[in-house]
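What follows is a set of notes on a single structure, which appears directly below.
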Amino acid sequence: MTDNREPARIGVTVQLTEEQTQAFAAGQAVDIVVRLVPDVSATCGGSPAGMGAAAMEPSSDDGTSYAHQESMWESSPTAGEVLPGAVSRRAVVSLDSTLPEAETLFRSAIVSLDAIPGNEIEGISPLYHVSNFDGPDAMAAVVQLHTRLDARSLIGALGTIEEAHADQIDLDLVDMEGVSSNEPDCRVPWPSAARRAQVLAPWFDMDPDARLGGDPVSFLLAMAPDAGRVGVLSDDWILGGER
17 MTDNREPARI
27 GVTVQLTEEQ
37 TQAFAAGQAV
47 DIVVRLVPDV
57 SATCGGSPAG
67 MGAAAMEPSS
77 DDGTSYAHQE
87 SMWESSPTAG
97 EVLPGAVSRR
107 AVVSLDSTLP
117 EAETLFRSAI
127 VSLDAIPGNE
137 IEGISPLYHV
147 SNFDGPDAMA
157 AVVQLHTRLD
167 ARSLIGALGT
177 IEEAHADQID
187 LDLVDMEGVS
197 SNEPDCRVPW
207 PSAARRAQVL
217 APWFDMDPDA
227 RLGGDPVSFL
237 LAMAPDAGRV
247 GVLSDDWILG
257 GER
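Position one of the sequence shown corresponds to residue 17 (my numbering), numbered consecutively onward.
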C-alpha cells in the first residue's frame, strides 16, 4: 500500500554562541542538538524516528533550541528554565573504556552529562578495573543523576557525548525510575546490566540499597558470572591527581 501522507515538517529556531556564529560564517561545520519537550509518561518518550544519536532537549518557551558545542553544552539565557510538566526521574548511567586515559575521559563525560539542562549528577561510584579474557582490560564506573529528559532523549544525549569524545568511551542508560521499555532502540532497564559485574559492582558501592528490575543489585552481583574479574581501582578518582 502506498503511503500518501505528507512528511512531517518541524520548524526550528537556533541560537548560536558567538564562537559558533563565527565558525558558521567561515563555512565550518557547527554541531547542534535539537531537542523536543520530554514525554512525561513512563516510557522511552516520543522522539521522532531517524534521529540517531542526536539528543533531544526541552526548548525554551519561544521554541529556541539549546546548542551543543563538542563535549560542552552551551545554551541561551533561557536554557535553565524548566518546562511545565517536565518530570524529574532518577537514572543510572554506566561508563566503560579500554583506553589508558579512561579516567580522564570519564571525568569529562560526567561534566558534559551534568551540564545538560535538566540533569543533575547526585552520585559517582568508585573507579573499577575490569579484567577481560577475550580483549583488553577496561575501566568502569557508574553515575546516578536526576534528569528531566525522557529515556530516549537521555540515551540520545549519551550518544552525543560519546561522539564528542571520539567514541572512546561507552555510556549506557542502565535504569530510569518508573520507566520500563523493551523497544529496540530504548531498552530500559538495560537487560545486559543484570549480568555484568562491571556495572553492578560500582553501582552497589555507590548505592548498597539499589535494585534493578525488582532484584537487589547485591544479589545480582553475587550471581554475575564475571564478578571475580572486577575490582576497585580508586575511591576518589573523580577528584583527579595522582593515585
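Every residue gets a Cβ at the ideal spot worked out from N, C-alpha and C, and that includes glycine.
#1: Buried or exposed: where does A107 fall if 16 or more other Cβ atoms within 10 Å of its Cβ makes it buried?
#2: Which same chain residues end up closer than 6 Å to W253 when comparing Cβ atoms and leaving out the 5 residues on each side of it in sequence?
#3: May I ask which residues mark the beginning and end of the beta strand (DSSP E) holding G247?
#4: Could you check where the alpha helix (DSSP H) with D130 kicks off and where it finishes?
#5: Should the region 189 to 197 be called in touch with the region 158 to 175, which here means at least 3 C-beta pairs below 8 Å?
#6: Any chance the region 129 to 146 sits against the region 212 to 232, with 3 or more Cβ pairs inside 8 Å?
#7: Apart from the five residues just before and just after Q184, which ones in its own chain have a Cβ nearer than 7 Å to its Cβ?
#8: With DSSP collapsed to three states, give me the class of R164.
#9: Return the chain-ordered list of same chain residues with a C-beta closer than 7 Å to the C-beta of P13, the five sequence neighbours on each side being excluded.
#10: Could you tell me the distance, in whole angstroms, from the CA atom of D150 to the CA atom of L255?
#11: Does the separation of the CB atoms of H145 and L216 fall below 7 Å?
#12: Whole angstroms are fine: how far does the CA of A238 sit from the CA of G175?
#13: Once you ignore the five residues that flank H136 on each side, which residues in its own chain have a CB closer than 8 Å to its CB?
#14: Would you kindly work out how many angstroms separate the C-alpha atoms of D153 and V103, rounded to a whole number?
#15: Near G247, which residues of its chain fall below 6 Å by C-beta distance, leaving aside the five closest residues on each side in sequence?
#16: Go ahead and label R316 buried or exposed: buried means 16 or more other beta carbons lie within 10 angstroms of its beta carbon, across all protein chains shown.
#17: Fully enclosed by the region 170 to 239, which alpha helix (DSSP H) runs are 4 residues long or longer?
#18: For P218 and R245, I'd like the C-alpha separation in whole angstroms.
#19: Look at the alpha carbon of G172 and the alpha carbon of F235, and state the distance between them as a whole number of angstroms.
#20: Is it the case that the Cβ atoms of C60 and A209 are separated by a distance below 7 Å?
Reading it off the structure:
#1: The sequence position of residue 107 within the sequence shown is 91, counting from 1. That one is buried.
#2: The residue labelled residue 253 in the question sits at position 237 within the sequence shown. Only residues of its own chain outside the window of five on either side were considered, and among them E119, L143 have a CB closer than 6 Å to the CB of W253, listed in chain order.
#3: As a first step, residue 247 is located in the sequence shown; it is residue number 231 there, counting from the start. Where G247 is concerned, the enclosing beta strand (DSSP E) stretches over 246 to 250.
#4: Along the sequence shown, read from residue 1 onward, the residue named residue 130 stands at position 114. Here the alpha helix (DSSP H) through D130 covers 118 to 131.
#5: A contact between stretches requires three or more CB pairs, one per stretch, nearer than 8 Å, and the region 189 to 197 meets this requirement with the region 158 to 175.
#6: The region 129 to 146 vs the region 212 to 232: in contact.
#7: Here residue 184 refers to the residue found at position 168 when the sequence shown is read from its first residue. Apart from the 5 residues on each side of it in sequence, Q184 sits with its Cβ closer than 7 Å to the Cβ of S113, L115, L121 in its chain, given in chain order.
#8: Numbered from 1 along the sequence shown, position 148 holds the residue referred to as residue 164. R164: coil per DSSP, three-state reduction.
#9: Shown here, the chain extends from 17 to 259; a query on residue 13 therefore has no answer.
#10: Here residue 150 is taken as the residue at index 134 of the sequence shown, counted from 1. Here residue 255 is taken as the residue at index 239 of the sequence shown, counted from 1. A straight line joining the alpha-carbon of D150 with that of L255 spans about 31 Å.
#11: Along the sequence shown, read from residue 1 onward, the residue named residue 145 stands at position 129. Along the sequence shown, read from residue 1 onward, the residue named residue 216 stands at position 200. Pairing H145 with L216 gives a Cβ-Cβ distance that is not under 7 Å.
#12: Locating residue 175 in the sequence shown gives position 159, counting from the first residue. Locating residue 238 in the sequence shown gives position 222, counting from the first residue. Going by the C-alpha atoms only, they are around 30 Å apart.
#13: Position 120 of the sequence shown holds residue 136. Reading the sequence as shown, one finds Glu at residue 136 and not His. These residues qualify, in order along the chain: D130, L161, H162, T163.
#14: The residue labelled residue 153 in the question sits at position 137 within the sequence shown. The residue labelled residue 103 in the question sits at position 87 within the sequence shown. Roughly 38 Å between the two C-alpha positions.
#15: Translated into the one-based positions of the sequence shown, residue 247 becomes position 231. Answer for G247: H145, listed in chain order.
#16: Here the chain comprises residues numbered 17 to 259, so residue 316 is not present and cannot be evaluated.
#17: The qualifying runs are 213 to 222, 233 to 239.
#18: Along the sequence shown, read from residue 1 onward, the residue named residue 218 stands at position 202. Along the sequence shown, read from residue 1 onward, the residue named residue 245 stands at position 229. Spanning the two alpha carbons is a distance of roughly 13 Å.
#19: Residue numbering aside, residue 172 sits at position 156 when the sequence shown is read from its first letter. Residue numbering aside, residue 235 sits at position 219 when the sequence shown is read from its first letter. The alpha-carbon atoms of G172 and F235 are separated by roughly 30 Å.
#20: The residue given as residue 60 occupies position 44 in the sequence shown. The residue given as residue 209 occupies position 193 in the sequence shown. Cβ atoms of C60 and A209: not closer than 7 Å.
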